[in-house]
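Each remark here refers to the structure printed beneath this line.
Numbering (my numbering), first residue to last: 4 to 176.
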């Protein structure tokens with residue numbers, strides 16, 4: 004299976020025109036609007052957009068993909084989370100949290116909002132790092148490996164990484 008990927012600049016629709024970049028990332032003709040920022044106010048705008056799009060009347064609040072990245076360390080010192088990535092439907096936020104001017108309170112409120120489900124591969128360790136590094140407490144967390152293992156009756160999927168899990172799920176479709 005092959006897929007085409009392209010990236011293009013998009014108009015900046017949020018209020019912080021000079022402190023973020025917006026891209027359209029197309030994967031097999033499906034465009035994902037991606038905001039890249041180190042600005043707390045840009046994060047606030049993105050979260051505000053999510054809340055406006057999926058207001059309280061929305062029966063099934065969306066699932067939020069969550070992943071974090073940090074610089075590897077080779078001694079006893081562990082580097083803090085550098086990037087927090089959140090995705091809802093076809094909108095993603097890449098927050099360069101290590102360089103942020105602030106970590107907005109609304110981010111903490113968003114990840115604590117039990118109307119939203121946060122999913123990822125190995126997500127518990129990511130959530131633990133966010134808690135210890137930035138005091139962010141993600142409430143409703145689901146590991147995609149566990150969900151796939153249960154759905155397909157394959158306990159071995161619980162140990163897979165994202166690539167292997169994706170290969171399995173895409174091949175069965």
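Glycine residues also receive a C-beta, built at the ideal position from the N, C-alpha and C atoms.
Since the structure is predicted, the reported quantities are computational estimates derived from the model, not experimental observations.
Task: Which of helix, strand or coil DSSP assigns to residue 131 - done: helix
- [ ] Give the straight-line distance between the Cα atoms of residue 148 and residue 101, rounded to the nearest whole angstrom.
- [x] 28 Å
Open item on the list: In the DSSP output, which residue or residues are listed as bridge partners for residue 146?
Closed with: 123
Task: Buried or exposed by the 16-neighbour rule on C-beta atoms within 10 Å, applied to residue 42 - done: buried
TODO: Would you kindly check if the distance between the Cβ of residue 133 and the Cβ of residue 71 is under 8 Å?
DONE: yes
TODO: Select from 37, 86, 92, 97 the residue whose C-alpha is nearest the C-alpha of residue 120.
DONE: 92
Open item on the list: So, at 8 Å on beta carbons, what are the nonlocal neighbours of residue 99 in its own chain, with the 5 sequence-adjacent residues on each side left out?
Closed with: 39, 40, 41, 85, 86
- [ ] Go ahead and pull the three-state DSSP assignment for residue 92.
- [x] coil
Task: Spatial distance of residue 162 from residue 131 (CA atoms) - done: 18 Å
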